[in-house]
Amino acid sequence: MRVVFIGPPGAGKGTQCERLVAYLNIPHLSTGDMLRQGREENNPLALLADQYMSSGQLVPDPIVLQLVGERLERPEYAEGVLFDGFPRTVRQAETLDRTLAERNTPLEVALELQVDDDEISRRLSARGRDDDRAEVIARRLRGYWNQTRPLLDYYRNRGILERVDGAGTPEQVFARIQTAVNKRRNRQPGPSGPPGP
Ligand code: AP5
Ligand code: MG
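Quick note on numbering: numbering that gives the first Met the number 0 labels position 77 of the sequence shown as 76, and the sequence is numbered without any gaps.
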């Protein structure tokens, strides 16, 4: 199965992806984690991306698309993938769609995790990653509303958008995610047989 996970910074994407990759048995591709790991390894593109990340701006599409394109060549992503924090712009979404169409493996579901701004600020201030400072959080949120939210219409028009309420405990949120994902799995049983758990 191929799933994209969309939601504002701090909505709980990473938290829920940990559960969802185990549940669906597919690999996780978080562009945020990929960029942070690349920075640790002194990858030149990731180092270039760092100035955007630390100020709370989206990294330019060509950098992200190149890194994701390289990553998707790996055989482990052939059977399925859970994209976390990617795509984040319409251009990224269109490029991903083209790549997946060439492989005849389209996205099955786009999950939108909805959490209000006050709760996000609470969650991120409590976490303390280096981009979790108030002014950077505000910029990340603006980027989400301006550049990423248009993707919701994009996926709604494609008929694959599922909205999930991200309030409550991680367990409560995950139960809603399972319901949304299973709705899609039941609609499109794969060639390997009926849907699993
Ligand atoms: P990225 O790493 O994707 O960060 P983000 O979208 O800002 O989201 P976070 O990882 O902060 O939050 P999350 O939704 O994963 O929530 P989490 O589970 O951690 O991106 C970082 C930067 O990289 C971007 O700003 C950009 O510069 C760049 N970038 C990445 N991808 C890009 C792309 N495609 N294009 C361009 N640029 C890109 O939870 C947050 C906190 O809340 C945790 O402490 C957690 O324990 C807690 N929590 C989670 N769920 C709950 C709950 N239900 N109740 C209470 N607390 C909870
Ligand atoms: Mg994350």
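Heads up, the beta-carbon is just placed ideally off N, CA and C, and yes, glycines get one too.
Being a predicted model, the structure only gives us computed values, none of them experimental.
Exposure label - E111; buried when at least 16 CB within 10 Å: The residue given as residue 111 occupies position 112 in the sequence shown. E111 comes out buried.
Limits of the unbroken alpha helix (DSSP H) element including D164: By 1-based counting over the sequence shown, the position of residue 164 is 165. No alpha helix (DSSP H) contains D164, which is instead part of the beta strand (DSSP E) from L160 to D164.
Helix, strand or coil at R1 [DSSP, three-state]: Counted from its first residue, the sequence shown places residue 1 at position 2. Three-state result, R1: strand.
Given S53 as reference, the closest of A10, A137 and A125 once Cα atoms are compared: The residue labelled residue 53 in the question sits at position 54 within the sequence shown. Measuring from the Cα of S53, the nearest candidate turns out to be A137.
Where L81 sits in the DSSP three-state scheme: What you label residue 81 is simply residue 82 of the sequence shown in a count that begins at 1. L81: strand per DSSP, three-state reduction.
Backbone CA spacing between N41 and G13 [nearest angstrom]: As a first step, residue 41 must be located in the sequence shown, where it is residue number 42. As a first step, residue 13 must be located in the sequence shown, where it is residue number 14. Computed Cα separation, rounded: 23 Å.
Y154 Cβ short of 7 Å to the ligand AP5 heavy atom set: Taking the sequence shown and counting its residues from 1, the one referred to as residue 154 is at position 155. Result no, Cβ not under 7 Å from the ligand AP5.
For L140 and R186, the rounded distance between their alpha carbons: Stepping through the sequence shown from its first residue, residue 186 is reached at position 187. Stepping through the sequence shown from its first residue, residue 140 is reached at position 141. Between R186 and L140, the C-alpha separation is close to 33 Å.
Three-way DSSP call (helix, strand, coil) for E93 in this model: Counted from its first residue, the sequence shown places residue 93 at position 94. E93: helix per DSSP, three-state reduction.
Cα-Cα separation between V58 and L99, rounded to whole angstroms: For the purposes of this step, residue 58 is taken as the residue at position 59 of the sequence shown. For the purposes of this step, residue 99 is taken as the residue at position 100 of the sequence shown. Distance between the alpha carbons of V58 and L99: 22 Å.
Meets three-Cβ-pair contact criterion under 8 Å: the region 22-32 and the region 67-82: yes
Member of Q146, A174, I119 and N181 whose CA lies at the smallest distance from the CA of I159: Translated into positions along the sequence shown, residue 159 becomes position 160. The candidate whose alpha carbon is nearest that of I159 is N181.
Own chain partners of A10 with C-beta closer than 7 Å, once the 5 adjacent residues on each side are dropped: As a position in the sequence shown, residue 10 is number 11, starting the count at 1. L112, V114, I119 and G165, listed in sequence order.
Complete alpha helix (DSSP H) runs within the region 90-134 (minimum length 4 residues, chain order): 116-126
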